[in-house]
Structure formats: C-alpha cells, structure tokens
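Participant: Residue 73 is where the sequence shown starts when you use the numbering used here, and the numbers rise one by one after that.
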Amino acid sequence: MRQFTYQPQGVCSRQMQFELDDNDVVHNVKFMGGCPGNTVGVATLAEGRKATDLIKMLKNIDCGGRGTSCPDQLATALQQALTQALRK
Numbered sequence: 073m074r075q076f077t078y079q080p081q082g083v084c085s086r087q088m089q090f091e092l093d094d095n096d097v098v099h100n101v102k103f104m105g106g107c108p109g110n111t112v113g114v115a116t117l118a119e120g121r122k123a124t125d126l127i128k129m130l131k132n133i134d135c136g137g138r139g140t141s142c143p144d145q146l147a148t149a150l151q152q153a154l155t156q157a158l159r160k
C-alpha cells in the first residue's frame, strides 16, 4: 500500500490521508477536520473504489459557493497521487 497525505485548500478539512493499493484502489481515507457527517460519509463511500472512478464522481462538487469542497479536494488529492505514482 502506498500512503498519501494531502493539505486541502479552501475547505474546513485541514488534512486528508489515504492509501492506494497496487491497482489504484482507495483504502483508509481519513479527514482531519471538516464536517464529520460529510467526511465520514465520503470516506466510507470511497473505500474499495478505483481512484479514477472517484475522481470522476467527486471532481467539481461545490460547497456553499466556495468553488470546491471536501469531496472535490479528495479528487484533487487522488489525481496528484496517481500523477506522482506515474513519475516513479
């Protein structure tokens, strides 16, 4: 498992952590801060899904006119993780 930490921008959550297995399947998503109902729900729904599928589902979700959200920031984090993995 590859572990990743991401500092989200423009949302209540202060940090996101998750793991990707060798097939880019997401595991153990954790949000530090943010709305517990939202972040626990997103983390639960993300478990066991392909990162690319989650990116498509979560990208561009807006929270209160901020132009982003915790789900959108998770999509950004996953995209960065996949890009980082390709470089290695």
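Backbone N, C-alpha and C fix where the C-beta goes; we use that ideal spot for every residue, glycine too.
Quick one, are the C-beta atoms of residue 125 and residue 133 less than 8 Å apart?
Facilitator: no
Participant: I need the DSSP call for residue 105, collapsed to helix, strand or coil.
Facilitator: strand
Participant: Sorted by chain position, which residues of the same chain lie with C-beta nearer than 7 Å to residue 110's C-beta, five sequence neighbours on each side aside?
Facilitator: 142
Participant: With C-beta atoms as the reference, is residue 123 less than 8 Å away from residue 158?
Facilitator: no
Participant: Per DSSP, which one or two residues make a beta bridge with residue 122?
Facilitator: 97
Participant: Kindly list the residues whose CB is nearer than 6 Å to the CB of residue 73, restricted to its own chain and excluding five residues on each side of it in sequence; keep chain order.
Facilitator: The answer, listed in chain order, is 91, 93.
Participant: Any heavy atom of the ligand GDP closer than 7 Å to the beta-carbon of residue 96?
Facilitator: Here there are no bound small molecules, and the ligand GDP is not part of this structure.
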